[in-house]
Amino acid sequence: MSSYYEKQQKRRLISSYFSVVLSIALVLFLLGLLGMLLLNAKKVSDHFKEQVVVTIYLKERAKEVEVKQLEKSLAMSDYVKSTEFVSKEQAAEFMKAETGEDFMDFVGYNPLQNSIDVHLKADYVTTEHLEKVTTEAMNKKFVEEVSYDNDLVNLMNDNVKKISFWVLVISALFTVIAVLLINSSLRLSVYSKRFTIKTMQMVGATKQFIRRPFIWKSIRLGIIGATLALIGMAVVFYYLNQTFPELELMANIILVILLFVVVFTLGIVITWISTHFATQRFLNLKTDELYY
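Position one of the sequence shown corresponds to residue 1 (the UniProt record's numbering), numbered consecutively onward.
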């Protein structure tokens with residue numbers, strides 16, 4: 001009978017440890033992903049900002065040397081990331097591919113213009129800088145028109161600010177929830193040993209002596225959970241880096257390593273603090289209070 005009871009207790013203990021490790025792993029994994037998002041939020045927003053195209057349309061009489069000089073001056077500017085000359089023939093082919101029809105069959109000639117597509121650096125994708133680029137380009141006599149989606153730029157900048165704010169708020173909120181979840185799981189684990197704690201205390205064991213094995217056990221569980229979380233993060237990180245190479249997620253390897261170190265350290269620190277306070281609570285209880 002005692003053997004059966006011991007087996008049942010062992011199973012319950014293993015189940016309790018498993019739930020603690022799983023809770024720690026899931027919480028740290030989600031925290032790690034949130035940290036990854038925070039670290040790369042600017043890269044993601046910059047990537048989308050740099051997709052905004054400023055199109056400089058050229059007059060028919062524009063000379064090749066003038067166009068080359070304009071491209072060169074744009075390329076040397078601090079605010080320009082890249083430029084591309086698009087001939088009216090290329091523009092016609094692109095439109096044909098988009099619509100599936102050759103509009104020149106109806107018109108009889110190519111009404112499109114030669115143009116230069118300009119991609120600005122992310123920090124310069126603002127209404128003020130775009131107006132400056134427009135003014136400078138329009139000062140050239142061979143430039144017909146400058147076109148860009150101003151509404152899209154304003155909407156993008158507004159959304160980036162809102163998203164950045166809410167990501168920070170959610171990160172703080174989620175961190176608090178993560179600590180509470182891990183703390184709850186560890187307290188349940190310590191709760192199953194409350195009678196053992198009180199027995200050790202009654203025979204003269206100090207609080208530090210009683211607390212030490214619980215803390216070390218929790219730290220080991222924290223290390224296991226953190227390791228599982230890091231493996232999951234590494235898989236997700238590798239997948240995203242392969243799927244979206246343009247985001248250059250591995251460009252700053254030091255920040256990536258630092259994030260992994262922080263997540264691993266959190267697994268140890270949170271479990272240590274949670275176990276310390278959980279054992280302290282049961283150490284301060286009276287014997288008759290252990291049954292409630």
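Cβ coordinates follow ideal geometry from the N, Cα and C atoms, glycine included.
- In the same chain as residue 272, and ignoring 5 residues on each side of it, the C-beta atoms closer than 8 angstroms to its own belong to 215, 218, 219 and 222, in chain order.
- Within the same chain, Cβ atoms closer than 7 angstroms to the Cβ of residue 112 are found at 88, 91 and 92, the five residues on either side in sequence being excluded.
- Residue 164 sits in a helix when the DSSP states are folded into three classes.
- Taking a 10 Å sphere around the C-beta of residue 197, we find 16 or more other C-beta atoms and assign the residue as buried.
- Taking the CA atoms as reference points, residue 127 sits about 21 angstroms from residue 73.
- Taken through DSSP and simplified to helix, strand or coil, residue 174 comes out as helix.
- The residue among 155, 142 and 136 with its C-alpha nearest the C-alpha of residue 125 is 155.
- In this structure the region 17–37 does not lie against the region 77–84, because fewer than three pairs of beta carbons, one per stretch, are closer than 8 angstroms.
- The three-state reading of DSSP puts residue 145 in strand, counting E and B together.
- Closest by C-alpha distance to residue 148, out of 173, 163, 117 and 96, is 117.
- Bridge pairing for residue 58: 143 [DSSP].
- The criterion of a C-beta distance shorter than 8 angstroms is satisfied by residue 160 and residue 45.
- The continuous stretches of beta strand (DSSP E) do not include residue 63, and DSSP gives it neither H nor E.
- If the five residues before and after residue 25 are omitted, its C-beta is found closer than 7 angstroms to the C-beta atoms of 225, 228 and 229, all from its own chain and listed in chain order.
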